[in-house]
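One structure below.
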Amino acid sequence: MYFSYGENMTRLQEYSKYHNDINLHIKTQGYSDGERLDIDLETHNKIINIQCKIHNNKATITNVFNT
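According to this note's numbering, the sequence shown is numbered sequentially starting from 206.
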């Protein structure tokens with residue numbers, strides 16, 4: 206799992222001051238294409254519930270903190 210930013214999805218190496226353009230990338234093993242993944246992301250002030258579908262053992266959620 207890792208975060209990126211921008212349209213080019215540049216991988217974040219350190220902390221980001223901004224949160225409105227952050228993408229979440231998930232790499233999996235053993236999931237079938239189309240299988241749903243339920244994710245709970247906890248920040249300092251809220252919990253974000255996200256669902257995504259796996260394709261080629263990967264899922265990308267764009268603008269993850271704007272949901």
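For each residue, glycine too, the CB sits at the ideal point set by N, CA and C. All of these numbers come straight from a predicted model, not from anything done at the bench.
Beta-carbon proximity list for residue i, same chain, < 8 Å, skipping 5 on both sides
i	result
Leu217	Tyr207, Phe208, Ser209, Tyr210 and Ile227
Ser221	Phe208, Tyr210 and Ile227
Asn268	Asn225, Asp226, Ile227 and Asn228
Ser237	Ile259
Rounded distance between the beta-carbons of residue j and residue i, thought under 8 Å
i	j	result
Leu242	Ile231	7 Å
Beta-carbon proximity list for residue i, same chain, < 6 Å, skipping 5 on both sides
i	result
Ile244	Ile255
Glu240	Ile259
Phe270	His224 and Ile227
Close beta carbons around residue i, own chain, < 7 Å, minus the five adjacent residues each side
i	result
Gly234	It should be pointed out that residue 234 corresponds to Gln in this sequence rather than to Gly. Closer than 7 Å at the Cβ level, and outside the excluded window around Gln234, lie Asn262.
Thr215	Ser209
Identity of the residues DSSP links to residue i by a beta bridge
i	result
Glu208	It should be pointed out that residue 208 corresponds to Phe in this sequence rather than to Glu. BP columns for Phe208 point to Leu229.
Complete beta strand (DSSP E) runs within the region 215-268 (minimum length 3 residues, chain order): 227-232, 241-247, 252-258 and 263-266
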